[in-house]
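There are 2 protein chains.
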Amino acid sequence: MLSEFSLIERFFARRASAPLSNGAARAPRAALGIGDDCALIVPPPGQQLAISTDMLVEGRHFFADVDPHALGHKALAVNLSDLAAMGAAPHAFTLALALPSADERWLAAFSDGLFALAERFGCELIGGDTTSGPLNICITVFGDVPPNAALRRDAARPGDDIWVSGTLGDARAGLGLLRDEWHVADEALAARCKRALERPEPRVGLGLALRGVAHAALDISDGLAGDLMHILKRSNARAIVDADAVPISDALASLPEGVRRSCALAGGDDYELCFTAPAETRGTVEGLAERENVRVTRIGTIEAIGSVAHAPSIAWRDRNGAPLSLTLQGFDHFHAD
Amino acid sequence: MLSEFSLIERFFARRASAPLSNGAARAPRAALGIGDDCALIVPPPGQQLAISTDMLVEGRHFFADVDPHALGHKALAVNLSDLAAMGAAPHAFTLALALPSADERWLAAFSDGLFALAERFGCELIGGDTTSGPLNICITVFGDVPPNAALRRDAARPGDDIWVSGTLGDARAGLGLLRDEWHVADEALAARCKRALERPEPRVGLGLALRGVAHAALDISDGLAGDLMHILKRSNARAIVDADAVPISDALASLPEGVRRSCALAGGDDYELCFTAPAETRGTVEGLAERENVRVTRIGTIEAIGSVAHAPSIAWRDRNGAPLSLTLQGFDHFHAD
Chain A
62 MLSEFSLIER FFARRASAPL SNGAARAPRA ALGIGDDCAL IVPPPGQQLA
112 ISTDMLVEGR HFFADVDPHA LGHKALAVNL SDLAAMGAAP HAFTLALALP
162 SADERWLAAF SDGLFALAER FGCELIGGDT TSGPLNICIT VFGDVPPNAA
212 LRRDAARPGD DIWVSGTLGD ARAGLGLLRD EWHVADEALA ARCKRALERP
262 EPRVGLGLAL RGVAHAALDI SDGLAGDLMH ILKRSNARAI VDADAVPISD
312 ALASLPEGVR RSCALAGGDD YELCFTAPAE TRGTVEGLAE RENVRVTRIG
362 TIEAIGSVAH APSIAWRDRN GAPLSLTLQG FDHFHAD
Chain B
62 MLSEFSLIER FFARRASAPL SNGAARAPRA ALGIGDDCAL IVPPPGQQLA
112 ISTDMLVEGR HFFADVDPHA LGHKALAVNL SDLAAMGAAP HAFTLALALP
162 SADERWLAAF SDGLFALAER FGCELIGGDT TSGPLNICIT VFGDVPPNAA
212 LRRDAARPGD DIWVSGTLGD ARAGLGLLRD EWHVADEALA ARCKRALERP
262 EPRVGLGLAL RGVAHAALDI SDGLAGDLMH ILKRSNARAI VDADAVPISD
312 ALASLPEGVR RSCALAGGDD YELCFTAPAE TRGTVEGLAE RENVRVTRIG
362 TIEAIGSVAH APSIAWRDRN GAPLSLTLQG FDHFHAD
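Chains as they are written, first to last, in our numbering: chain A, 62 to 398; chain B, 62 to 398.
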């Protein structure tokens with residue numbers, strides 16, 4: 062295969078320092094980028110640095126035959142989504158890549174997908190590592206957030222509304238289509254589900270807009286039911302959620318009731334935001350979302366843990382407020398652990 | 062296998078927030094550590110943040126049967142070595158880990174080896190990711206360095222001495238022993254070589270001491286010949302190196318001449334520092350190294366690119382100053398690319 066240095070140089074280093082696609086001069090955050098032992102970045106005074114790392118593995122997070130352009134997009138998107146969930150502004154990332162071989166067409170498409178998204182958010186590649194090995198993509202992403210402005214998982218408060226962005230379940234529905242678990246007659250709707258799986262849109266703008274408004278937030282990577290529990294456990298609270306209020310797409314609505322509900326409530330890989338905000342900010346939240354051109358939907362309420370429930374938990378309700386007993390465990394987004 | 066959350070909790074998260082082994086209270090750099098979408102760190106005012114990422118893959122960087130305690134050590138050591146080569150002070154790291162299965166004994170030993178080194182350098186685990194997949198370890202490390210104090214690869218100047226720390230070639234000799242490429246009769250010497258391969262010591266103290274004294278520096282991961290060329294290319298300079306001055310251990314000295322020389326000059330995985338410094342700082346460099354209890358050896362000189370050599374290059378000499386023609390290409394540290 063190509064040596065590490067020629068790989069980095071050809072597909073990544075030159076592009077990292079190229080002018081932005083909109084013709085604007087690049088104002089790099091990195092005092093020193095690719096090619097030394099370390100990258101050097103200059104944190105803006107008074108800001109905290111938000112850091113997240115995600116590792117994507119063939120067979121676990123994507124199929125071997127995935128479009129490499131989509132894979133480049135998704136590898137960075139899942140990381141940007143973590144910044145969005147924190148209310149942090151992206152500025153840089155590192156890329157470590159293990160490749161079974163140096164397939165130049167594959168690398169060209171992968172790096173195109175990666176940089177298209179990176180440039181859209183002004184996120185600069187500042188360093189990395191390449192090696193031979195089973196395909197593995199590990200990105201670490203860096204963003205800025207003012208002190209005390211981060212949207213933390215432990216910040217939900219009794220009385221908060223629970224919101225989600227976009228629609229949920231399309232990515233899991235797309236996975237099911239690829240695995241022949243179910244079928245959608247309308248090809249456009251099927252394509253929408255597959256696109257949700259392969260090209261998630263990180264809600265960076267919404268995350269930034271929610272600073273100072275939302276209390277807790279996270280991104281839905283493993284399914285609403287499981288991810289909301291992370292907020293509840295860390296905030297020591299419970300949630301009442303109207304399962305019928307959880308927003309779904311027309312594509313998902315065309316699937317059978319059971320599939321639809323499982324995908325929407327427990328399907329992973331959507332990378333929409335789930336956040337809590339005080340009831341008095343409803344109008345503000347709706348206004349911010351409209352400005353960011355992102356749909357947001359109120360699906361429930363945070364409550365204190367009282368005499369009924371002694372532990373963090375989700376009480377599911379239908380649209381009439383009647384309790385729903387749901388079995389959502391094991392409906393994982395890709396392979397079960 | 063154990064779920065991602067129970068894995069992180071059991072082997073990593075609790076240890077990350079445990080008191081230091083010397084009983085000292087932990088003064089965490091992370092405003093928010095493991096368990097949210099991102100870690101949050103507070104960069105010290107006026108410092109630059111040095112960032113490096115390395116991915117270690119089974120078969121490429123270590124054997125499947127490697128001692129997991131040693132692997133935990135090495136995975137962090139190679140990253141700390143990048144900080145050392147930059148003159149940066151370590152303070153935090155993230156760990157992304159793909160595991161074929163959750164072998165609890167393996168994980169206990171791996172995390173013990175990792176944290177033993179991390180605690181020695183006050184380097185805090187602030188976040189990570191675990192997934193199932195072929196064994197892959199990706200660590201991203203963070204350090205501080207004052208502006209303009211970093212030891213960059215492009216800073217070598219004509220007239221600089223070229224120095225290396227420790228002895229070179231033991232790690233490659235150890236790899237050869239494991240692969241039965243050669244043999245060392247003395248078991249203690251053989252053990253020393255294997256230890257050099259499996260438990261490299263990052264030269265963090267020396268790197269910090271060299272701030273403001275050395276010009277260029279890097280760590281020798283791919284072999285002196287190849288790595289020194291990185292300094293020469295980025296500094297647009299050439300080097301005269303006395304091959305016989307390159308320091309080797311007694312263990313390496315017991316191997317045949319050809320093996321000895323190839324290991325010392327082109328063997329990778331030593332993680333010693335190679336640095337350049339003005340001739341007038343010789344006494345200072347020796348004093349700093351003595352204080353840090355690290356051997357340093359002068360092996361050559363940086364020269365301007367003149368009429369003889371039009372491109373960055375290394376001119377090898379023997380102890381009498383006679384030119385040596387060496388064929389070192391392809392003597393890689395592990396598998397050839």
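Backbone N, C-alpha and C define an ideal beta-carbon position, used for all residues, glycine too.
Between residue i and chain A, is there a C-beta pair that is closer than 8 Å?
| i | result |
| --- | --- |
| Thr-388 (chain B) | no |
| Ala-111 (chain B) | yes |
| Asn-197 (chain B) | yes |
| Gly-194 (chain B) | yes |
| Leu-258 (chain B) | no |
| Met-290 (chain B) | no |
| Thr-114 (chain B) | yes |
| Ile-102 (chain B) | yes |
| Arg-121 (chain B) | yes |
Is the shortest distance between the beta-carbon of residue i and the beta-carbons of chain B less than 8 Å?
| i | result |
| --- | --- |
| Gly-189 (chain A) | yes |
| Cys-184 (chain A) | no |
| Asp-398 (chain A) | Below a pLDDT of 50, predicted positions are generally treated as unreliable, and Asp-398 (chain A), at 36, falls in that range; no measurement from the model is reported. |
| Arg-87 (chain A) | With a pLDDT of only 46 at Arg-87 (chain A), under 50, the local geometry of the prediction cannot be trusted, and the value read off the model is given with reservation. It does not; no Cβ of chain B falls within 8 Å. |
| Arg-272 (chain A) | no |
| Cys-99 (chain A) | yes |
| Ala-146 (chain A) | yes |
| Pro-106 (chain A) | yes |
| Thr-399 (chain A) | No statement about residue 399 (chain A) is possible, as the shown extent of chain A runs from 62 to 398 and does not include it. |
| Thr-155 (chain A) | yes |
| Val-206 (chain A) | yes |
I'd like to know whether the C-beta atoms of residue i and residue j end up nearer to each other than 8 Å.
| i | j | result |
| --- | --- | --- |
| Asp-173 (chain B) | Gly-133 (chain B) | yes |
| Ala-277 (chain B) | Ile-292 (chain B) | yes |
| Cys-324 (chain A) | Ala-251 (chain A) | no |
| Ala-136 (chain B) | Leu-175 (chain B) | yes |
| Leu-178 (chain B) | Leu-156 (chain B) | no |
| Gly-94 (chain B) | Gly-189 (chain B) | no |
| Ala-304 (chain B) | Arg-359 (chain B) | no |
| Leu-326 (chain A) | Leu-279 (chain A) | no |
| Leu-264 (chain A) | Ser-226 (chain A) | The sequence given here places Arg at residue 264 (chain A); Leu does not occur at that position. Yes, they are a contact pair. |
| Ala-338 (chain A) | Asp-222 (chain A) | yes |
| Asp-241 (chain A) | Ser-315 (chain A) | no |
| Phe-336 (chain A) | Ala-275 (chain A) | yes |
| Cys-184 (chain A) | Pro-151 (chain A) | yes |
| Glu-364 (chain B) | Arg-295 (chain B) | no |
| Val-401 (chain B) | Ser-113 (chain B) | This structure cannot speak to residue 401 (chain B), because chain B is shown only from 62 to 398. |
| Leu-160 (chain B) | Thr-191 (chain B) | yes |
Closest to residue i by C-alpha separation, out of the options, would be which residue?
| i | options | result |
| --- | --- | --- |
| Val-346 (chain B) | B:Thr-192, B:Pro-308, B:Ala-383 and B:Leu-267 | B:Leu-267 |
| Ala-153 (chain A) | A:Pro-105, A:Gly-120 and A:Glu-165 | A:Pro-105 |
| Glu-333 (chain A) | A:Arg-218, A:Met-147, A:Phe-124 and A:Arg-121 | A:Met-147 |
| Leu-238 (chain A) | A:Ala-306, A:Asp-283, A:Leu-313 and A:Phe-203 | A:Leu-313 |
| Leu-144 (chain A) | A:Gln-109, A:Ala-170 and A:Phe-124 | A:Gln-109 |
| Leu-389 (chain B) | B:Gly-230, B:Thr-337 and B:Ala-338 | B:Gly-230 |
| Gly-120 (chain B) | B:Ala-211, B:Arg-295 and B:Asn-197 | B:Asn-197 |
| Leu-236 (chain B) | B:Gly-329, B:Gly-348, B:Ala-149 and B:Leu-168 | B:Gly-329 |
| Met-116 (chain B) | B:Gly-204, B:Thr-191, B:Trp-224 and B:Val-139 | B:Val-139 |
| Phe-73 (chain B) | B:Glu-262, B:Thr-342 and B:Ala-170 | B:Ala-170 |
| Arg-260 (chain B) | B:His-122, B:Ala-100, B:Arg-71 and B:Val-103 | B:His-122 |
| Asp-288 (chain B) | B:Pro-207, B:Ser-162 and B:Ser-374 | B:Ser-374 |
Using the beta-carbon count (16 or more within 10 Å), is residue i buried or exposed?
| i | result |
| --- | --- |
| His-244 (chain B) | exposed |
| Thr-228 (chain A) | buried |
| Arg-322 (chain B) | buried |
| Asn-209 (chain A) | exposed |
| Asn-354 (chain A) | exposed |
| Ala-86 (chain A) | Any answer about Ala-86 (chain A) is weak, because its pLDDT of 45 lies below 50 and its placement is not dependable; what the coordinates show is given next. So Ala-86 (chain A) counts as exposed. |
| Gly-84 (chain B) | For Gly-84 (chain B), the pLDDT reaches just 46, beneath the cut-off of 50, and the residue's location in the model is therefore unreliable, leaving the point undetermined. |
| Arg-380 (chain A) | exposed |
| Asp-331 (chain B) | buried |
| Asp-164 (chain B) | exposed |
| Asp-126 (chain B) | exposed |
| Pro-219 (chain B) | exposed |
| Gly-367 (chain B) | exposed |
Is any heavy atom of the ligand GDP found at a distance shorter than 7 Å from the C-beta of residue i?
| i | result |
| --- | --- |
| Gly-273 (chain B) | Inclusion of the ligand GDP in the displayed structure is not the case, the ligand content being empty and no account of it being possible. |
*Where are the alpha helix (DSSP H) runs, 4 residues long or more, that stay fully inside the region 206–278 of chain B, in chain order?*
231–239, 248–259 and 265–270
*If you scan the region 313–375 of chain A from start to end, which runs of the beta strand (DSSP E) of 3 or more residues do you find wholly inside it?*
334–338 and 357–365
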